[in-house]
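Chemist: Structure provided below as C-alpha cells; questions to follow.
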Amino acid sequence: MSWFYALFGQINILLKALFHLLYPDLCVHCKRELTPKHPYLCYTCTMRLKLIKWQEKAAYNIVYQSIDSNQIIYICALYKFEESAPIQTLLHELKYRFNRNLGLYYGKELGSQYALEKSNDPIEILVPVPIHARKKFDRGYNQSELLAKGISTVTGIPISTKVLKKIKNTKTQTQLNKKERLLNTKGSFRVSEDIMKYKAIAIVDDVVTTGATINAICEVLMEKNINLQITIFSLALAQKE
Ligand SMILES: [Zn+2]
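According to my numbering, numbering within the sequence shown proceeds without interruption in unit steps and concludes at 247.
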C-alpha cells in the first residue's frame, strides 16, 4: 500500500501548488504576494514593524507609565503599536480572524526573543490573559492562548489556563479611555488557590495599551500571593500620549 500513500502524497503536493497558483498567500496588511520566508506580512510590511529592542529603556517606560505593580520583574515585547500600520493589522488578524498559525508564529518569535536573553529565568507557568467563556465560545479561541502556545513551544514553559479566569464579560475596550478601562476591568478576574504554589509566572497578552487589564490581573494575583514575581509577554506595546 505504500505506493498508494506515495502517490496520494504527490497528488496532495500538486493540488497545493495549483491552489497556491490560483490563490497565492497574500500579505495580511498590503495584500502583496508572500514569499515562504515571510509567511504573514511581506518583506516591506515586516520592515515597517517597529521593533522594541530587548530591555530598551523606552519599552520599560511605556509599560511603567501605565502599570503600577512593582511585582513586574521583566517585560518581553516585540513591537511598538501604531495605528493603521502593519502591527494593527497583525493584531486584528490575531483577535478577530482566527488566524491560528499567525498566533503560533508570532508566539514563537516572542519565545525566541525571550530565550535569547533570559533562558535561565525560572518562570514556572505562562498565564494567557483570559477572555470570558461566553466570548471564547463566540470567537472560538483566545488569541493570548495562541501566543502562549508559540512561546511554550520555544521555551518549554507550560501553560496554565486554570489559575486565572475572566468572570465578568466586559465591553470591548477599544473605544474606552484609561479611567473607563479601569472601571470596566474592575472585579472581572478570579484567581484560583493554586497560584500560591508559584514563585514566578508570566502573563501573556496580545497588546498592552493603557495597562488596565494587566493592572487588574496583578491586583488579583497579589491578593493571593503577595511575593509573586511577574513577567509580561506582549506582542505589542502602545505608547500613550
Ligand atoms: Zn505587505
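The beta carbon of each residue, even a glycine, is placed where N, CA and C say it ideally should be.
Hey, could you find the ends of the alpha helix (DSSP H) L189 is sitting in?
Modeler: Counting along the chain, the alpha helix (DSSP H) containing L189 begins and ends at 184-191.
Chemist: What is the chain-ordered set of residues for which the beta carbon lies under 6 Å from any non-hydrogen atom of ligand 1?
Modeler: Spelled out in chain order, the answer is C33, H35, C36, R38, L47, C48, T50, C51.
Chemist: Assign G146 to buried or exposed, taking buried as 16 or more other Cβ atoms, counted over all protein chains shown, within 10 Å of its Cβ.
Modeler: The residue in question, G146, is exposed, as its Cβ has fewer than 16 Cβ neighbours within 10 Å.
Chemist: Entirely within the segment 169-244 and at least 4 residues each: give me those alpha helix (DSSP H) ranges in chain order.
Modeler: As far as the segment 169-244 is concerned, its whole alpha helix (DSSP H) runs of at least 4 residues are 184-191, 218-230.
Chemist: Who are the Cβ neighbours of M202 in its own chain at under 8 Å, not counting the five residues just before and after it?
Modeler: These residues qualify, in order along the chain: K230, N231.
Chemist: Can you look up I157 in the DSSP assignment and give me helix, strand or coil?
Modeler: In this structure, I157 counts as helix in the three-state DSSP scheme.
Chemist: Using the three-state DSSP reduction, which class does A134 fall into: helix, strand or coil?
Modeler: According to the sequence as given, residue 134 is Pro; it is not Ala. In this structure, P134 counts as strand in the three-state DSSP scheme.
Chemist: What three-state label does DSSP hand C82 in the structure shown?
Modeler: Reduced to three states, the DSSP call for C82 is strand.
Chemist: Just list the residues that DSSP pairs L32 with in beta bridges.
Modeler: In DSSP, L32 forms a bridge with E39.
Chemist: Whose C-alpha, out of K205, E225, P92, is nearest the C-alpha of C33?
Modeler: Comparing Cα-Cα distances from C33 to each of K205, E225, P92, the minimum goes to P92.
Chemist: Would you mind stating whether L110 and K155 have Cβ atoms separated by less than 8 Å?
Modeler: Yes, the Cβ-Cβ distance between L110 and K155 is below 8 Å.
Chemist: In the DSSP assignment, find the alpha helix (DSSP H) that holds R103 and state where it starts and stops.
Modeler: Element bounds for R103: n/a, residue is neither H nor E.
Chemist: CA-CA distance, N148 and G193?
Modeler: So the alpha carbons of these two residues sit roughly 20 Å apart.
Chemist: Residues in the same chain with beta-carbon distance under 6 Å from I173, minus the five sequence neighbours each way, listed in chain order, please.
Modeler: Excluding residues within five positions, the ones whose Cβ falls inside 6 Å are R196.
Chemist: Roughly how many angstroms lie between the CA atoms of R140 and N175, to the nearest whole one?
Modeler: Distance between the alpha carbons of R140 and N175 is about 7 Å.
Chemist: Per DSSP, what kind of secondary structure is L57 in: helix, strand or coil?
Modeler: Here L57 sits in strand by DSSP.
Chemist: Using DSSP's beta-bridge definition, name the partner residues of I165.
Modeler: I165 is bridged to L132.
Chemist: In terms of residue numbering, what span does the alpha helix (DSSP H) encompassing F143 cover?
Modeler: Looking at the DSSP string, the run of the alpha helix (DSSP H) that includes F143 is 139-145.
Chemist: Closest to P136 by CA distance: which of K168, L122, Y120 is it?
Modeler: Checking every option, the nearest Cα to that of P136 belongs to K168.
Chemist: So which of M53, D31, Y80 has the shortest CA-CA distance to K124?
Modeler: The option with the nearest alpha carbon to K124 is Y80.
Chemist: Quick one: what does DSSP say F10 is sitting in, helix, strand or coil?
Modeler: Three-state result, F10: helix.
Chemist: Can you tell me whether I17 is buried or exposed, with buried defined as 16 or more other CB within 10 angstroms of its CB?
Modeler: So I17 ends up on the exposed side.
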